[in-house]
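Chemist:
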Ligand code: MG
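See the structure below:
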């Protein structure tokens, strides 16, 4: 099975409700789709979101990176040589973690198709069902409470609440949601780098003293402020999870050695794909630290890859934030992963099992 071409498309999926964090507001998923063609007729699929304020990758940079930099290195390579292909992708350029991840997803899809097994089995196997939380966007208190109650009624048992815009109001937001869903849902808090270290400790002390039990606090401070993250971790009882502080393997090793975080949020788009995500999960396991498998605003191709990885590494990846498909108005992809609100389940079709992508528009490159 040799790679003969790499084509790109654009997939637009409207969201049910705008996605709002401390950094941005988005009302549709608009992702680059990667199609890797082979001489056997098999096609591998990948997906890349643009997340300029987090990874720095934009639609233009993603298309250029894949078409001009990565693709020429991969043409003619044999899919059975997975390690060689992955090395070529990772060595093709510095940074650009999202396009690297999108191409890797398509290559792993093909590699599993080559051996006629769903991807999670090729990654080690496991029970092919996973539970995800859903994101509650930052908004007026009443809107956030209403969104939280309706998420619980849709069957979500874990809510990820976005805060980080205004600390005083953030504390009130969390207290109100906690009062509305207490006993029916676990709460995760994601401050998206919006607080200073001292603000984070103050807010968590207020919440902890008020009896608001949180499963975790995600990335309270700037991603580059690892010392600040450790400052918070050392002073609050709630487990602290690193997201924007934990991009690649080396970042994670530094966090683990400093004991700056209690949990690591792995995202394929931050670490450059499945190969590095496996490394991060395995290294974290060696330190006895649990991980979450997360996603950017992605639809059900790259999120499916995350689900396969999460299943295969469940002993370390104990939490999932794979809510892109649940936030979308519809699922445009027919694949082997079924997204049914909180429950994600994987079927037996080889690779990612993708048969159709509705509304895919091919991109003319060059
Ligand atoms: Mg986050």
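Numbering (our numbering), first residue to last: 19 to 384. Even glycine gets a Cβ: it sits at the ideal position worked out from N, Cα and C.
1) Cβ-heavy atom distance between residue 261 and ligand 1 below 7 Å?
2) Residue 78 by DSSP, collapsed to three states: which one?
3) Can you give the Cα-Cα distance for residue 196 and residue 163, rounded to whole angstroms?
4) With DSSP run on the structure shown, which of helix, strand or coil describes residue 253?
5) Using a threshold of 7 Å, is the CB atom of residue 208 nearer than that to any non-hydrogen atom of ligand 1?
6) Starting from residue 134 and walking both ways along the alpha helix (DSSP H), at which residues does that stretch end?
7) With a 10 Å radius around its C-beta and 16 neighbouring C-beta atoms as the bar for buried, classify residue 147 as buried or exposed.
8) Taking the continuous beta strand (DSSP E) assigned at residue 325, which residues delimit it?
9) Within a Cβ cutoff of 6 Å, which residues of the same chain sit near residue 249, ignoring the five residues on either side of it in sequence?
10) Given a cut-off of 8 Å on the beta-carbon distance, is the pair residue 50 and residue 19 in contact?
11) DSSP has residue 63 in a bridge; who is on the other side?
12) Under 7 Å from any heavy atom of ligand 1, does the C-beta of residue 283 make it?
13) Which residues in the same chain as residue 191 place their Cβ atom closer than 8 Å to its Cβ, once the five residues preceding and following it in sequence are excluded?
14) Which partner residues of residue 309 appear in the DSSP bridge assignment?
15) So, is residue 336 buried or exposed, given that buried needs 16 or more other C-beta atoms within 10 angstroms?
16) Determine which residues share a DSSP beta bridge with residue 26 and list them.
17) To the nearest angstrom, how far is it from the Cα of residue 283 to the Cα of residue 291?
18) Thinking C-beta only, is residue 174 closer than 8 Å to residue 360?
19) Cβ-heavy atom distance between residue 236 and ligand 1 below 7 Å?
20) Go through its chain and collect everything with a Cβ distance to residue 381's Cβ below 7 Å, but skip five positions before and after it.
21) Please determine, among 135, 313, 228, 348, the residue with the shortest C-alpha to C-alpha distance to residue 65.
22) Residue 110 by DSSP, collapsed to three states: which one?
23) Cutting at 7 Å between CB atoms, please list the residues of its own chain near residue 375, excluding the five before and the five after it.
24) Please report the distance separating the alpha-carbon of residue 257 from that of residue 231.
25) The beta strand (DSSP E) with residue 206 in it runs from where to where?
26) Over what stretch of residues does the beta strand (DSSP E) that includes residue 259 continue unbroken?
27) Figure out for me which residue from 91, 31, 120, 144 has the closest Cα to the Cα of residue 329.
28) Count Cβ pairs between the stretch 37-49 and the stretch 101-110 that sit closer than 8 Å; are there 3 or more?
29) Buried or exposed for residue 251, going by 16 or more other Cβ atoms inside 10 Å?
Modeler: Checking against the coordinates, here is how it stands:
1) For the purposes of this step, residue 261 is taken as residue 243 along the chain shown, with counting starting at 1. Yes - ligand 1 has a heavy atom lying nearer than 7 Å to the Cβ of residue 261.
2) Counting from 1 along the chain shown, the entry for residue 78 is found at position 60. Note: residue 78 maps to helix in three-state DSSP.
3) Residue numbering aside, residue 196 sits at position 178 when the chain shown is read from its first letter. Residue numbering aside, residue 163 sits at position 145 when the chain shown is read from its first letter. Cα to Cα, the separation comes out at about 9 Å.
4) On the chain shown, position 235 is the one that residue 253 refers to. Residue 253 falls in the helix class under three-state DSSP.
5) Residue mapping note: residue 208 aligns to position 190 of the chain shown, counting from 1. Correct: residue 208 has its Cβ closer than 7 Å to ligand 1.
6) Within the chain shown, numbered from 1, the residue matching residue 134 stands at position 116. No alpha helix (DSSP H) holds residue 134; DSSP gives it neither H nor E.
7) As a working note, residue 147 is residue 129 in the chain shown. So residue 147 counts as exposed.
8) Numbered from 1 along the chain shown, position 307 holds the residue referred to as residue 325. No beta strand (DSSP E) holds residue 325; the alpha helix (DSSP H) holding it covers 320-330.
9) Within the chain shown, the letter at position 231 stands for residue 249. Around residue 249: 215.
10) Along the chain shown, read from residue 1 onward, the residue named residue 50 stands at position 32. Along the chain shown, read from residue 1 onward, the residue named residue 19 stands at position 1. For residue 50 and residue 19, no; Cβs fall outside 8 Å.
11) As a working mapping, residue 63 is identified with position 45 in the chain shown. Paired residues: 53.
12) Here residue 283 refers to the residue found at position 265 of the chain shown. At least one heavy atom of ligand 1 is nearer than 7 Å to the Cβ of residue 283, so yes.
13) Sequence index remark: in the chain shown, residue 191 carries index 173 (1-based). So the list reads 156, 159, 162, 179, 181, once near-sequence residues are dropped.
14) On the chain shown, position 291 is the one that residue 309 refers to. For residue 309, which the question treats as bridged, DSSP gives the partners 282, 335.
15) Residue mapping note: residue 336 aligns to position 318 of the chain shown, counting from 1. Per the 10 Å Cβ criterion, exposed.
16) Position 8 of the chain shown, counting from 1, holds the residue named residue 26. Answer by DSSP bridge pairing, in chain order: 52.
17) Along the chain shown, read from residue 1 onward, the residue named residue 283 stands at position 265. Along the chain shown, read from residue 1 onward, the residue named residue 291 stands at position 273. Rounded to the nearest angstrom, the two C-alpha atoms are 14 Å apart.
18) Here the question's residue 360 lines up with position 342 in the chain shown. Here the question's residue 174 lines up with position 156 in the chain shown. Contact: yes.
19) For the purposes of this step, residue 236 is identified with residue 218 of the chain shown, where counting begins at 1. Flag set: Cβ of residue 236 near ligand 1.
20) Position 363 of the chain shown holds residue 381. 26, 27, 28, 81, listed in sequence order.
21) As a working note, residue 65 is residue 47 in the chain shown. Nearest of 135, 313, 228, 348 to residue 65, Cα basis: 313.
22) Locating residue 110 in the chain shown gives position 92, counting from the first residue. Of the three classes helix, strand and coil, the one that applies to residue 110 here is coil, per DSSP.
23) As a first step, residue 375 is located in the chain shown; it is residue number 357 there, counting from the start. 29, 51, 350, 351.
24) Within the chain shown, residue 257 is the residue found at index 239, counting from 1. Within the chain shown, residue 231 is the residue found at index 213, counting from 1. Between residue 257 and residue 231, the C-alpha separation is close to 11 Å.
25) In the chain shown, counting from the first residue as 1, residue 206 sits at position 188. Residues 204-208.
26) In the chain shown, the residue the question calls residue 259 occupies position 241. 258-260 is the extent of the beta strand (DSSP E) around residue 259.
27) As a first step, residue 329 is located in the chain shown; it is residue number 311 there, counting from the start. Checking every option, the nearest Cα to that of residue 329 belongs to 144.
28) no
29) Position 233 of the chain shown holds residue 251. It is buried - the Cβ of residue 251 has at least 16 other Cβ atoms within 10 Å.
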